[in-house]
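With the working numbering applied, the sequence shown covers 93 to 333. Here a beta-carbon is modelled for each residue, glycine too, at the ideal position from N, C-alpha and C. First up is the structure itself, then whatever we jot down about it.
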Amino acid sequence: MTGAAAIDLYVMPVAPEADPRGILPLLDHAEQKRAARYRRVQDRLSYIAAHALLRVMLGHRLGVEPPALRFSSRPGGKPVLESGFETIPFSLSHSAGVVAVALGCDVELGVDIEVSPRPRPAGRYAASAFCPDETAMIHGVVEDVARERLFLQFWTLKEAFAKATGRGLSGGLDRVSFAAGPDRPVFHSADDGPTSEWKFAQWSTTDHVLALAARGRDMPRAVQLHVLDEDALRSAPPASR
């Protein structure tokens, strides 16, 4: 067998009436405190579900009970498993009513998922995140829904890239650019190494836009997308082979 193992990408909807009490104990004390700070119920539920899903998937791979996992952060805020655990690259994202978790091997990963249409503006970083060509493409779309969708396609790719690099949303996102390709996004960067070291993938439904970024010298053969329901938090997860 040649090439690296596939990246597993898990997507799970979160019902607005979901009861988080059954999965809240999977989170550590700090995560539970952060969850409690969310004012909107749907945002709080999505945060809890995303972190519970991450712990379940990592715990399954490592043979460790999910609550026993411990995390730390690199400079810039990128979360990683603490020393003492096997190194498994991961990324997670949550939006109102949907969560995503990516797991890989020997790559840097970033994932972002956004609900479409957005319940509120993207924030102060959005205007400075795009290069002039991207801004012109967005503003060149006349129809509101199509313009919003193009914005989200660019935005999720940028945020996935920012998570993979670990530099966050203030890390010069206007110096990288994306364009539509025949089968995957076309990427250009003046600062982040050969584009051959990067892999991007994107999926869209009527309800959300999802983007994945991965960087590594031995790029994975494929991305395996697993669409789950909330029962996945109580059963063994699927994984690529």
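Exercise for the section: Drop a sphere of 10 angstroms on the beta-carbon of D275, count the other beta-carbons inside from all chains shown, and report buried for 16 or more, exposed for fewer. Expected result: For the purposes of this step, residue 275 is identified with residue 183 of the sequence shown, where counting begins at 1. Exposed.
Practice task
Count the other C-beta atoms from every protein chain shown that fall within 10 angstroms of the C-beta of E291, then say buried if there are 16 or more, exposed otherwise.
Solution key: For the purposes of this step, residue 291 is taken as the residue at position 199 of the sequence shown. For the record, residue 291 in the displayed sequence is Lys; it is not Glu. It is buried - the Cβ of K291 has at least 16 other Cβ atoms within 10 Å.
Exercise for the section: Enumerate in chain order the residues of its own chain whose CB-to-CB distance from R333 is below 8 Å, with the five nearest sequence positions on each side excluded. Expected result: Locating residue 333 in the sequence shown gives position 241, counting from the first residue. Any reading at R333 must be qualified, since the residue scores a pLDDT of 49, below 50, and its modelled position is unreliable; the value itself is stated next. Non-local beta-carbon contacts of R333 in its own chain, meaning distances under 8 Å to residues more than five positions away in sequence, are absent.
Exercise for the section: For E178, name the three-state secondary structure that DSSP assigns. Expected result: By one-based count along the sequence shown, residue 178 stands at place 86. DSSP places E178 in coil when its eight states are reduced to three.
Problem - Residue nearest to T248 in terms of C-alpha spacing, selected from V268, D204, T227 - result: What you label residue 248 is simply residue 156 of the sequence shown in a count that begins at 1. Selected option, being the one with the closest Cα: D204.
Exercise for the section: Could you check the C-alpha separation between L119 and E200 for me, to the nearest Å? Expected result: Start at 1 with the first residue of the sequence shown, and residue 119 comes out as number 27. Start at 1 with the first residue of the sequence shown, and residue 200 comes out as number 108. Each residue's Cα considered, the two are about 24 Å apart.
Exercise for the section: Could you check the C-alpha separation between T297 and V319 for me, to the nearest Å? Expected result: Walking along the sequence shown from the start, residue 297 turns up at place 205. Walking along the sequence shown from the start, residue 319 turns up at place 227. Roughly 12 Å between the two C-alpha positions.
Problem - Own chain residues within Cβ distance below 7 Å of F243, not counting five before or after - result: The residue given as residue 243 occupies position 151 in the sequence shown. When the five nearest sequence neighbours on each side are left out, the beta carbons in the same chain lying within less than 7 Å of the beta carbon of F243 are those of I230, in order along the chain.
Problem - C-beta atoms of P277 and Q245 nearer than 9 Å - result: For this step, residue 277 is matched to residue 185 along the sequence shown. For this step, residue 245 is matched to residue 153 along the sequence shown. Going by C-beta atoms, P277 is nearer than 9 Å to Q245.
Problem - Rounded separation between D321 and A192 - CA only - result: Position 229 of the sequence shown, counting from 1, holds the residue named residue 321. Position 100 of the sequence shown, counting from 1, holds the residue named residue 192. In this structure, the alpha-carbon of D321 lies about 12 Å from that of A192.
Handout entry: Through-space distance from E289 to G95, alpha-carbon basis
Key = Mapped onto the sequence shown, residue 95 falls at position 3. Mapped onto the sequence shown, residue 289 falls at position 197. Confidence at G95 is low in this model, with a pLDDT of 46, below 50, so its placement is unreliable and no value can be given for it.
Handout entry: Among E226, P158, L137, V133, nearest to R147 - alpha-carbon criterion
Key = Taking the sequence shown and counting its residues from 1, one reaches residue 147 at position 55. That would be P158, whose Cα lies nearest to the Cα of R147.
Practice task
Determine which residues share a DSSP beta bridge with I205 and list them.
Solution key: For the purposes of this step, residue 205 is taken as the residue at position 113 of the sequence shown. According to DSSP, which records beta bridges pairwise, I205 is partnered with L302.
Handout entry: Boundaries (first-last residue) of the beta strand (DSSP E) holding P167
Key = As a first step, residue 167 must be located in the sequence shown, where it is residue number 75. Premise fails: P167 is in no beta strand (DSSP E) and is neither H nor E.
Exercise for the section: Please go through the same chain and pick out, in chain order, the residues whose beta-carbon is closer than 8 Å to the beta-carbon of A110, but skip the five residues on each side of it. Expected result: Residue numbering aside, residue 110 sits at position 18 when the sequence shown is read from its first letter. If the five residues before and after A110 are omitted, its C-beta is found closer than 8 Å to the C-beta atoms of L137, A141, E322, all from its own chain and listed in chain order.
Handout entry: Span of the alpha helix (DSSP H), counted from its first residue to its last, around I140
Key = As a working mapping, residue 140 is identified with position 48 in the sequence shown. Bounds of the alpha helix (DSSP H) holding I140 are 133-154.
Handout entry: Buried or exposed (CB count within 10 angstroms, at least 16 for buried), G176
Key = By 1-based counting over the sequence shown, the position of residue 176 is 84. Label assigned to G176: exposed.
Practice task
Just tell me which of G258, C197, K250 has its CA closest to the CA of G308.
Solution key: For this step, residue 308 is matched to residue 216 along the sequence shown. Ranked by how close their Cα comes to the Cα of G308, the residues G258, C197, K250 have C197 in first place.
Problem - Bridge-paired residues (DSSP) for Q316 - result: Along the sequence shown, read from residue 1 onward, the residue named residue 316 stands at position 224. DSSP output for Q316 lists D100 as bridge partner(s).
Handout entry: Residues near A324 in its chain [Cβ-Cβ closer than 8 Å; skip 5 each side]
Key = The sequence position of residue 324 within the sequence shown is 232, counting from 1. Taken in chain order, the residues that qualify are Y102, M104, L145, V148.
Practice task
Please report the residue range of the beta strand (DSSP E) in which F292 lies.
Solution key: Counted from its first residue, the sequence shown places residue 292 at position 200. Residue range 290-296 is occupied by the beta strand (DSSP E) that includes F292.
Practice task
Pull up the CB-CB distance for S187 and E174, whole angstroms please, since I reckon it's below 8 Å.
Solution key: Position 95 of the sequence shown, counted from the first residue, corresponds to residue 187. Position 82 of the sequence shown, counted from the first residue, corresponds to residue 174. In fact, because the Cβ distance is near 27 Å, the residues do not count as touching under 8 Å.
Handout entry: Bounding residues of the alpha helix (DSSP H) (the contiguous stretch that carries P224)
Key = Here residue 224 refers to the residue found at position 132 when the sequence shown is read from its first residue. Boundaries of the alpha helix (DSSP H) around P224: 224-231.
Handout entry: Residues sharing a beta bridge with V190, DSSP
Key = One-based indexing of the sequence shown puts residue 190 at position 98. Answer by DSSP bridge pairing, in chain order: P105, S187.
Practice task
Could you name each continuous beta strand (DSSP E) segment of 3 residues or more that falls completely within the stretch 243-277, going from the start of the chain to the end?
Solution key: If you keep only unbroken beta strand (DSSP E) runs of at least 3 residues inside the stretch 243-277, you get 268-271.
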